Amino acid sequence: MPPRFEDHTTTEVPRADQIPFSLERPYPVTNLKPVKVPLPYYVDHGKMILRPATRRLWKFSSWYAIASCAIICKVFLKFCTSSTTVYNKEPFLKVLMDPHRTRPILTVANHLSTVDDPLLWGSLPFRTILNLQRIRWTLGAQEICFKTPTRSLFFALGQVIPTVRGAGIYQPAMNFAIDKLNEGKWVHMFPEGKINQTVDMLRFKWGIGRLMMESTNLPIMVPLWHKGFEEIMPENRDHPQFPILGKKIVIAYGNPIDFKDLLIDYHEGKADEVLTRISITDTVFRAMDELQKNVEAGKLND
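Each residue of the sequence shown is one higher than the one before, counting from 0 in numbering that gives the first Met the number 0.
So, in structure tokens, the structure goes:
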């Protein structure tokens, strides 16, 4: 029986901390075998990063880390840039703050610098970014964010999922992200897979398709496009790198993308898995490209 895609599903989905973690936990909706990947750094430094949900100290520490970072980001966007313009934020907030929402949220954005996340979320009000139930989980590069035990702890508290770049879409980080979506959480990813400071976006990775196809309840997909962070943290500078102040920032929230009909056909066996994944990825790319054009043409209101 295909997954249900109603807004108010009555099916209870177990939390990630209630499911025994396995590096090769299978998911039913795939014809491919999981690849072998290097053990992420968080496995080397303790499974507390994987199963913290029932620990009060962990919850408080996570809230404190996120709150501190949120305050810094909001101060930076307000006082350390020449201007910060945010487009179409209210429709996204309406979805995020809906008390009756049971569907998860999946956001995607172009990747301009190492400070995209968390600075992007400095555009949101405190009532969202100070709530652990509402703040995003995000996929972060293991070799950068989880390079040392201290970094591992900090980024884990910040709800970052260690991702092995180049290991493909069937790796523990993607499994964990699907778990979070199944809990009704908000997951964010950068589908280009790496920082890209050129004008044109890179080809998107297929991980977007897997997250959409294997979630038990259809995620609300929202694209974002932003500009200016590449001037705050340009990649061609010598180290050490510190943020450059006084730059102009633009952040645009797109409208939700509807994949309901496509995914119903897929789960009923009417659509091929690979073609469905490609279709989802291409649709998201086109939506973000259109969002960029609308911003640059002045067609959006802040």
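Virtual Cβ for every residue (Gly too), placed ideally from N, Cα, C. Being a predicted model, the structure only gives us computed values, none of them experimental.
Per DSSP, MET220 is one residue of the beta strand (DSSP E) stretching across 219 to 226.
A residue is called buried when at least 16 other Cβ atoms come within 10 angstroms of its Cβ; VAL198 does not meet this threshold and is exposed.
In terms of Cα proximity to ILE207, the closest of ILE231, ILE194, MET173 and GLY253 is MET173. Rounded to the nearest whole angstrom, the CA to CA distance from TRP136 to LEU274 is 27 Å.
Taking a 10 Å sphere around the C-beta of GLU295, we find fewer than 16 other C-beta atoms and assign the residue as exposed. Taking the Cα of ILE168 as reference, the smallest distance to any Cα among ARG236, MET212, GLN291 and VAL114 is reached at MET212.
Going by beta carbons, ALA176 and VAL186 fall inside the 8 Å limit. A distance below 8 Å separates the beta carbons of LYS247 and SER82. Looking from the CA of THR101, the closest CA among LEU180, LYS226 and THR282 belongs to LEU180.
Annotated as proximal: THR80 and GLY245, with beta-carbon spacing under 8 Å.
Taken atom to atom, the span from the alpha-carbon of ASP281 to that of PRO103 is near 21 Å. Take ILE250, set aside five residues on each side of it, and the residues of its chain with a beta-carbon closer than 6 Å to its own are VAL85, SER122 and HIS225, in chain order.
In the DSSP assignment, PRO161 is bridged to GLY139.
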